[in-house]
Each structure stands twice: as C-alpha cells, then as structure tokens.
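Per this note's numbering, residue 17 is the first one in the sequence shown, and the count goes up by one each step. Just below is one structure, and these are the notes that go with it.
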Amino acid sequence: MNRRDFVLAASATAILPAAAMANASYKPGLVQAELAAGKTVFLDFTASWCSTCQSQGRTIASLQAENPAYEQAISFIDVDWDQYRGADLTKALKIPRRSTLVVLKGNQELGRIVAGTGRAQIQQLMDVALGAATS
C-alpha cells in the first residue's frame, strides 16, 4: 500500500464513526411517530450559527462515541431552530430558545437543559434518557 492510499484509508476510517452517529433531522410528525413507537426521544434545538449549540453537539457526539448504548436505545433528533422555531412542536414544548435539549418518553418530559454546555450536565440528561429507554 502506498502512502497516499494509506492516508485516504485512515481518513475514511476516522470519518466513519462520526457519520454513523449522525442524529436524525426533524420533520413534522417524526417526534410523535417515535414516541408512539415507544422510543425515548432526545431533542436538540440547534442552529448552525450558534456557538452554544455547537458546543452541545460536540459533547453529545463525544458521549455517544464513548457509550454506544446511547445511540442504540435513544432516538436523537436535531431540530433546526431557524426552520422550526415557530413549529407546533416548539410551541407545545414551550422551547424558549435554540440550544435547548429535551428528553421525552410517552407523553412526559423527563428533562431539559437550556443553554447548558457542561459535559456532566449533558451526560446526566443522556443518562436519564438511557434509563427511560431501557426500563
């Protein structure tokens, strides 16, 4: 194997785990369908230009990489704030701003973080979701 092929193969291998952890993008009806199927839903109200959102996203991805059980048990859905800030879902959940993380199971909200970026805080919310998903 020549050097260029090795670098390309190594790069592809490094990218695959991140691509595998891509969260679903919100579309109307998706959350209701996931909840109706009995899933625990982790919503990330995010905007591409929001530095707080980006920090939260990096932490979520890091925790997902460290513990595959998160992605296996929880339905992670990214809600584009710019597109859905006025949507029925956003209004029903009373989402105050982008960079809001919410965990839902059935017809209950199990936890919420607004603008928090602390790793321990986000991990605690993900652990609540994991506990609900596996119980």
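Each residue gets a CB set at the ideal place from its N, CA and C atoms; glycine is no exception.
For residue i and residue j, what's the separation of their Cα atoms in angstroms?
i, j, result
"residue 77", "residue 42", "17 Å"
"residue 134", "residue 87", "20 Å"
"residue 79", "residue 64", "20 Å"
"residue 35", "residue 85", "Low per-residue confidence applies at residue 35: pLDDT is 39, beneath 50, and the placement is therefore not dependable, though the value from the model is reported in the following sentence. One C-alpha to the other measures close to 17 Å."
"residue 144", "residue 53", "19 Å"
On the premise that residue j lies in contact with residue i, defined as a C-beta separation below 8 Å, what is that separation, rounded to the nearest angstrom?
i, j, result
"residue 146", "residue 129", "The Cβ separation is near 15 Å, so there is no contact."
"residue 148", "residue 56", "5 Å"
"residue 120", "residue 51", "6 Å"
Are the beta-carbon atoms belonging to residue i and residue j less than 8 Å from one another?
i, j, result
"residue 47", "residue 93", "yes"
"residue 95", "residue 68", "no"
Just to confirm my understanding: we take residue i, look at its own chain, exclude 5 residues before and 5 after, and list those with CB closer than 7 Å. What are they?
i, result
"residue 118", "59, 109, 125, 128"
"residue 111", "61"
"residue 100", "42, 106"
"residue 83", "none"
Candidates the options: which alpha carbon is nearest residue i's?
i, options, result
"residue 115", "38, 104, 97", "97"
"residue 49", "143, 122, 82", "122"
"residue 81", "151, 144, 139, 53", "139"
"residue 45", "111, 112, 103", "103"
"residue 113", "66, 40, 53", "66"
"residue 38", "53, 54, 73", "73"
Between residue i and the rest of its own chain, which residues show a CB-CB distance below 6 Å, the 5 nearest in sequence each way excluded?
i, result
"residue 70", "none"
"residue 75", "135, 138"
Here's a check: name, in chain order, each residue in its chain whose Cβ is nearer than 8 Å to the Cβ of residue i, leaving out the five neighbours to either side.
i, result
"residue 152", "No statement about residue 152 is possible, as the shown extent of the chain runs from 17 to 151 and does not include it."
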